[in-house]
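Student: Note that the working numbering has the sequence shown beginning at 300, numbered continuously upward. Take this structure, written in structure tokens, and hold onto it; I'll ask about it next.
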Amino acid sequence: MKLYNSRTRKIETFTPLNDNTVKMYVCGITPDGPTHLGHAFTYTVFDVLYRYLHYKHFKVTYTQNLTDVDNEILKRSSSAGEPWKPFERKWSAQFLKDYRVLNFLMPDHYVKASDTVPEIIKMVKVLQEKGFAYEVSGNIYFNVKKFPNYGKLSRYNWDQMVMIAAERGGAPNNPEQKNPLDFVLWQRSSSEEPRWPSPWGWGRPGWHIECSAMVRRYLGTQIDIHGGGHDLIFPHHESEIAQSESYTGKKPYVNFWLHTAMVMYEGEKMSKSLGNLVIVSELLKKYSANAIRWVLLSHHYREPWEFRYEELIQAEKIVAKFKSAKDSISSNVQTSKSSDFETFKHLMDDDMNTPAVLKMLEKTPSIKIMDSLGFATGDSLHHKRVGRR
Ligand SMILES: [Zn+2]
């Protein structure tokens, strides 16, 4: 199977680091608002990859986090006039509900940042002892000057990084930092904020460290695949690499970095700050999960695209056709042409060319292939039940 590796910027043959075992980690959501189509695109792509790796008989362990401790949650809950905990719980529950309705397989480990605090503290402590991190009155920062490869994944220059960090949760002007790109590993908390006792007083994790700590705990020192949306490359994934490789002394932390393209709406990137979100639970009131999956998979995961309702209406017609034809398709499955499966594999092995697979399905429907792509066919061959935790 060939996949585009953001680390090398090449399409490469995917081979697991160890035998037949694939260790895969995907950055999860921050529960500070409803699930939107950009989220759905990312998790559909990795759901399909997870299913396909199983299909190819790899032994896959898939871990995903939930960033339930985050400055954005505190900001948004306070502007909504709600305490942060029930606010976070409400959106976490909504995400899981959408996750089930969209027919995503649950990861093998679905972990909250708040359940990983001891590992995070241990990691921060070691980074400080090794001289990669420093403390300023209860805040611990990673010193990017101690990690010469900082910027290697994104390939941005220093000034670009400073600019983008300011837009994405960094604080280049924070006077406590030695360098503008240093980032917080642990921060002090007031009594109203989420907080845990630590060697540096009461505090909470920074954004990037939870993923490094979870990867280490649930998957190990080096992993095969790390995924997320394209906008996580910098500073999030860049910072994960710096922390993890400094901590373990081993590289690469991640063999294949996979990133999903941004989804646009009305001419702009779909984002909370622009307020042009297409909300999944709203779409589900009118359209089926299969139609949504069809639209998402009809776009290649690396191509930015703009969502249009016409496409969804069209997709609903296509999936309805499959439904009405289902019985005859099912009875044909045993005898269905093996050449279809060969084409399916060939296309998926080519950097997950799902748009071409869907074109093929439109011509020659196959319940088994639909099933492999995670469409709810009522005929699931998967041993794993959706929603199992
Ligand atoms: Zn992450």
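Using N, Cα and C, we set each Cβ at its ideal position, and we do this for glycine too. Please read these numbers as outputs of a predicted model, since none were measured by experiment.
I'd like to confirm something about Asn370: is its beta-carbon nearer than 7 Å to some heavy atom of ligand 1, or not?
Tutor: Start at 1 with the first residue of the sequence shown, and residue 370 comes out as number 71. Because no heavy atom of ligand 1 lies under 7 Å away, the Cβ of Asn370 does not count as near it: no.
Student: Comparing C-alpha positions only, which one of Met323, Lys444, Tyr546 and Leu316 sits nearest to His408?
Tutor: Working through the sequence shown from its first residue, we reach residue 408 at position 109. Looking at the Cα atoms, Met323 is the closest of the given residues.
Student: Taking the straight line between their C-alpha atoms, what separation do you get for Ser630 and Glu311?
Tutor: In the sequence shown, the residue the question calls residue 630 occupies position 331. In the sequence shown, the residue the question calls residue 311 occupies position 12. Any answer about Ser630 is weak, because its pLDDT of 47 lies below 50 and its placement is not dependable; what the coordinates show is given next. Between Ser630 and Glu311, the C-alpha separation is close to 38 Å.
Student: Is DSSP giving Trp506 helix, strand or coil here?
Tutor: Translated into positions along the sequence shown, residue 506 becomes position 207. Residue state, collapsed to three classes: coil.
Student: Pick helix, strand or coil for Pro586, following the three-state DSSP scheme.
Tutor: Position 287 of the sequence shown, counting from 1, holds the residue named residue 586. Before going further, note that residue 586 is Tyr rather than Pro in the sequence given. Note: Tyr586 maps to coil in three-state DSSP.
Student: Would you call the stretch 438-449 and the stretch 470-479 in contact, with 3 or more CB pairs under 8 Å?
Tutor: Touching, yes.
Student: Whole angstroms are fine: how far does the CA of Met669 sit from the CA of Val632?
Tutor: Stepping through the sequence shown from its first residue, residue 632 is reached at position 333. Stepping through the sequence shown from its first residue, residue 669 is reached at position 370. Low confidence applies here, because Val632 scores a pLDDT of 47, under 50, leaving its location unreliable; read the following figure in that light. Between Val632 and Met669, the C-alpha separation is close to 11 Å.
Student: Let me know the secondary structure DSSP gives Leu615 once reduced to three states.
Tutor: Taking the first residue of the sequence shown as position 1, residue 615 is located at position 316. In the sequence on display, residue 615 carries Glu and not Leu. Looking at Glu615 - three-state DSSP - the assignment turns out to be helix.
Student: Given 7 Å as the limit, tell me if His293 has its C-beta closer than that to any heavy atom belonging to ligand 1.
Tutor: Lying before the first or after the last residue shown, residue 293 is absent from the chain, which here runs from 300 to 688.
Student: For a minimum of 3 consecutive residues, which ranges assigned as the beta strand (DSSP E) are wholly contained in the stretch 535-561?
Tutor: List check, beta strand (DSSP E) in window: 553-559.
Student: Name the residue from Glu434, Val514, Phe606 and Met300 whose alpha carbon lies nearest to the alpha carbon of Tyr354.
Tutor: Position 55 of the sequence shown holds residue 354. For Tyr354, the nearest C-alpha among the options comes from Met300.
Student: How is the beta strand (DSSP E) around Asp523 delimited, first residue to last?
Tutor: Locating residue 523 in the sequence shown gives position 224, where the first residue counts as 1. Looking at the DSSP string, the run of the beta strand (DSSP E) that includes Asp523 is Ile522 to Gly528.
Student: Given this structure, state the Cα-to-Cα distance separating Thr360 from Leu518, to the nearest angstrom.
Tutor: Position 61 of the sequence shown, counted from the start, is the residue given in the question as residue 360. Position 219 of the sequence shown, counted from the start, is the residue given in the question as residue 518. Taking the straight line joining both Cα atoms gives about 8 Å.
Student: Between Ala339, Ser543 and His536, which has its C-alpha nearest Arg515's C-alpha?
Tutor: On the sequence shown, residue 515 is found 216 positions in, with the first residue counted as 1. Closest by alpha carbon: Ser543.
Student: Using the beta carbon as the reference atom, which residues fall closer than 5 Å to any heavy atom of ligand 1, ordered along the chain?
Tutor: In chain order, the hits are Cys326 and Cys510.
Student: Counting Cβ pairs closer than 8 Å, one from the stretch 574-581 and one from the stretch 336-349, do we hit at least three?
Tutor: Yes, they touch.
Student: Between Asp414 and Glu371, which are expected to be in contact by the criterion C-beta below 8 Å, what is the C-beta distance as a whole number of angstroms?
Tutor: For the purposes of this step, residue 414 is taken as the residue at position 115 of the sequence shown. For the purposes of this step, residue 371 is taken as the residue at position 72 of the sequence shown. Rounded, the Cβ-Cβ distance is 19 Å, inconsistent with contact.
Student: In three-state terms, what does DSSP make of Thr307?
Tutor: For the purposes of this step, residue 307 is taken as residue 8 along the sequence shown, with counting starting at 1. DSSP places Thr307 in coil when its eight states are reduced to three.
Student: For my contact list, Trp506 and Asp369 are in at a C-beta cut-off of 8 Å; report their separation, rounded to the angstrom.
Tutor: Against the sequence shown, residue 506 aligns to sequence position 207. Against the sequence shown, residue 369 aligns to sequence position 70. Indeed, because the Cβ distance is near 6 Å, the residues count as touching under 8 Å.
Student: Quick one: grab the DSSP three-state call for Arg515.
Tutor: Sequence index remark: in the sequence shown, residue 515 carries index 216 (1-based). Of the three classes helix, strand and coil, the one that applies to Arg515 here is helix, per DSSP.
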